[in-house]
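Chemist: Numbering (our numbering), first residue to last: 44 to 458.
Cβ atoms here follow ideal geometry from the backbone N, Cα and C, with glycine treated the same way.
Treat the numbers as computed from the prediction; the structure is a model and nothing was measured.
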Amino acid sequence: MKIKWFGSQIVLNKVEHSLLTGKDFLKRKLALAKEALALDTLLIWPDRDKKNLELTQKICSDFQIKTYLWYPLLADIALFKIRPEEAVETFEGQRGYGKHGRWPQLGQGEEDFLFLCPNNEQALDKIFQHFENQLKIDDYDGVFLDRIRFPSPGSGLESLYTCFCPWCQRKFSDYYQEDLNRYRPLVKDFFQQLRAVELSDLAYYRSLSDILRPGHLQRFFDFRAQSIFQLTRRFAEEAKKRNKTVGLDLFAPSLSSLVAQDYRELATISDWLKPMVYCHTASPAGLPLEYGCLLQGPLAFNPGLNEKQLISEASRIVKAELPCSLSALLKEGVPEDIIIQEAERLKDFNLTENENRKIYIGLEAVQAGELAHIDGPVLKKYLSAVSETDLDGILLSWNLLKIPDQNLRVVGDLL
Ligand SMILES: [Zn+2]
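#1: Determine the direct distance from the alpha carbon of Leu-245 to that of Phe-158, and round the result to whole angstroms.
#2: Flag Lys-211 as yes when its Cβ comes closer than 7 Å to any non-hydrogen atom of ligand 1, and as no otherwise.
#3: Would you list the residues sitting across from Thr-84 in a DSSP beta bridge?
#4: May I ask you to check if the CB of Val-131 is nearer than 7 Å to at least one heavy atom of ligand 1?
#5: Thinking just about the alpha-carbon of each residue, which of Leu-122, Thr-99, Pro-196 is nearest to the one in Gly-139?
#6: Using a threshold of 7 Å, is the CB atom of Asn-224 nearer than that to any non-hydrogen atom of ligand 1?
#7: Is DSSP giving Phe-459 helix, strand or coil here?
#8: Given the structure, does Cys-103 come close to ligand 1, in the sense that its CB is under 7 Å from one of the ligand's heavy atoms?
#9: With distances taken from CA atoms, which of Ala-371, Trp-210, Ala-357 is nearest Ala-166?
#10: If I'm right that Pro-194 touches Ser-270 with Cβ under 8 Å, what's the distance once you round it to whole angstroms?
#11: Provide the residue(s) that pair with Tyr-114 in DSSP beta bridges, ordered along the chain.
#12: Here's the rule I'm using: 16 or more other beta-carbon atoms within 10 Å means buried, otherwise exposed. How should Gly-376 be labelled?
#13: Of all the options Gln-410, Ser-430, Gln-339, which has the alpha carbon lying nearest to the alpha carbon of Pro-147?
#14: Could you pull the start and end residues of the alpha helix (DSSP H) that Phe-294 belongs to?
#15: So what does DSSP say about Gln-236, is it helix, strand or coil?
#16: Quick check on Gly-144: does DSSP put it in helix, strand or coil?
#17: Pick helix, strand or coil for Ser-250, following the three-state DSSP scheme.
#18: Kindly indicate which three-state DSSP category Tyr-219 falls into: helix, strand or coil?
#19: When the distance is taken between beta carbons, is Ile-102 closer than 8 Å to Leu-73?
#20: Check each candidate in His-173, Phe-264, Lys-374, Gly-347 and name the one with the smallest Cα separation from Leu-414.
#21: Could you tell me how far apart the beta carbons of Phe-434 and Ile-402 are, in whole angstroms, since I believe they sit closer than 8 Å?
#22: Where does His-143 land, buried or exposed, given buried means 16+ other C-beta within 10 angstroms?
#23: Assuming Thr-84 contacts Glu-132 (C-beta within less than 8 Å), just tell me the rounded distance between them.
#24: Which residues does DSSP list as the beta-bridge partners of His-416?
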C-alpha cells in the first residue's frame with residue numbers, strides 16, 4: 044500500500060496525569076503508533092497543567108515524533124469562554140447559533156462550537172498574544188490551526204450567513220464602499236425562497252454547498268472567505284517567523300465553501316492541509332452530522348420536500364449512496380468511498396502554487412461513545428479508498444487517547 048505518512052492528534056485537556064502514566068499508558072500507545080505506522084507527527088491540544096504536555100513531548104522526542112501546538116482560533120479557545128453575545132451575528136441580529144437544522148446536542152459537550160467573529164480585533168489581539176506566548180514557552184515543531192472558519196450547518200442554517208457585527212460592517216465598508224446591512228434583507232429573501240424550493244430545482248447542482256450559496260450574495264461570501272484567510276495568515280506568519288511548520292484543519296472540500304474556507308488561498312500560507320473527511324462522526328465537521336443538518340434545515344421549513352427524495356437527490360449530488368433517512372445517516376454514516384470524490388474536488392481547487400504543500404486527510408479512528416465508533420472493517424474501507432487517491436498521508440483523528448490499540452494494529456497490518 045502506498046500510504047507513507049501518518050500523523051495523529053491528542054487532547055490533553057482535562058486528562059488526569061495518572062491516566063497517562065499508569066502502566067506507561069501513553070508511552071505504550073505512542074510506541075505502538077511508531078512501530079505500526081511509523082507515526083511522524085502528533086498534534087497536541089495542551090492542558091493548563093504542564094505535566095501532561097511535558098510528558099507527551101518527552102516521549103515524542105524519544106520516539107522521534109514531531110509535535111505541533113494544536114491551536115483553536117475562533118471557537119473553544121484556551122483563553123476565555125466565548126459568551127453568546129460575543130459570537131458571530133446572523134442577518135436577523137441573533138448572536139451565536141442559528142435555528143434551522145441545528146444539531147440538538149450543540150453546546151452540551153466539552154466543546155461548545157460557539158464562534159467568535161474573525162474580524163473582532165479586540166478579542167483576536169488577545170488570542171494572538173496568547174498564541175505568541177505559547178510558542179515562546181513551549182517547544183513545538185509546528186502549529187496546527189483549528190476552528191479557522193465560520194459556523195457550519197450543525198450550528199443551524201442561519202449561522203451560515205454570518206457575520207453582521209459592527210466589526211464586519213466597518214471592514215466591509217472599507218473594502219467595498221458598500222453597506223453590509225444591504226445584505227440582511229437579501230439573505231432573508233433567500234431563506235423565503237428555500238421555503239418554496241422543489242426537488243426539480245436541484246437537478247443541475249453538483250455540490251450541496253452551491254445550493255446554499257446563491258450568486259447574488261457572492262460579495263458577502265467573498266468577504267467571509269477573505270476574513271478567514273487574513274486571520275489565518277496572521278497566525279501562520281507568526282509561526283513561520285519562528286520556524287514552525289504550519290498545518291491547517293479544514294472542512295471536507297464538499298463543505299468548505301459553506302464555512303468560508305478557501306483551499307486555494309489557505310494553501311499558499313501553509314505547509315499542509317488536513318481536509319476532515321469523517322464519514323462516521325455525529326458531531327461538528329463529521330459528514331453525517333453536517334450533511335444531515337444541511338438537509339434537515341430545508342426539510343423543517345419546506346413542507347413540499349420529502350425526506351427520502353431529498354436524500355436521494357443529495358446522494359446524486361455528492362456521488363455516494365447515502366442512507367435513506369436522516370436518522371440512518373447519523374447512525375450508519377456516509378460511505379467511505381466518498382473519500383475518492385472529495386479527493387477529486389480537491390483537484391478541482393487546483394492547488395498548484397506551492398508544489399511542496401502536502402494534503403493529509405483527516406479520518407477519525409476513535410471509539411468515542413455516541414459520537415463515533417470506528418473499528419477494523421471501517422478502517423479497511425478507509426485505507427482502500429485512500430489508496431485510490433494521490434493524497435500524501437493520513438491524520439488519524441481526533442484523539443489518540445480514544446483510538447484503541449487494535450485500530451492502530453489494523454491500520455499497520457494493512458500497510
Ligand atoms: Zn463580525
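Modeler: Reading off the structure:
#1: Roughly 30 Å separates the two Cα atoms.
#2: The question names Lys, but residue 211 is Cys in the sequence shown. Cys-211 Cβ: within cutoff of ligand 1.
#3: Answer is Gly-50, Lys-109, bridged to Thr-84.
#4: For ligand 1, at least one heavy atom lies less than 7 Å from the Cβ of Val-131.
#5: Checked all of Leu-122, Thr-99, Pro-196; the closest Cα to Gly-139 is Pro-196.
#6: Shortest gap from the CB of Asn-224 to any heavy atom of ligand 1: 7 Å or more.
#7: Coverage of the chain is limited to positions 44 through 458, which leaves residue 459 absent and any answer about it impossible.
#8: For ligand 1, no non-hydrogen atom lies closer than 7 Å to the CB of Cys-103.
#9: Across the set Ala-371, Trp-210, Ala-357, the C-alpha of Trp-210 shows the shortest separation from the C-alpha of Ala-166.
#10: Cβ-Cβ separation between Pro-194 and Ser-270: approximately 13 Å, too far for a contact (criterion under 8 Å).
#11: Leu-188, per the DSSP bridge assignment.
#12: By the 10 Å Cβ count, Gly-376 comes out buried.
#13: Taking only the C-alpha atoms, the option nearest Pro-147 is Gln-339.
#14: If you look at Phe-294, you'll find it isn't in any alpha helix (DSSP H); it sits in the beta strand (DSSP E) that goes 288-294.
#15: DSSP places Gln-236 in helix when its eight states are reduced to three.
#16: DSSP places Gly-144 in coil when its eight states are reduced to three.
#17: In the three-state DSSP reduction, Ser-250 falls in the coil class, being neither helix nor strand.
#18: DSSP places Tyr-219 in helix when its eight states are reduced to three.
#19: In contact: Leu-73 and Ile-102 (Cβ atoms closer than 8 Å).
#20: Nearest C-alpha to Leu-414: Lys-374.
#21: Sequence check: residue 434 is Leu here, not Phe. Between Ile-402 and Leu-434 the Cβ distance is about 5 Å, and since that is below 8 Å, they are a contact.
#22: That one is buried.
#23: 37 Å between Cβ atoms; not a contact.
#24: In DSSP, His-416 forms a bridge with Gln-410.
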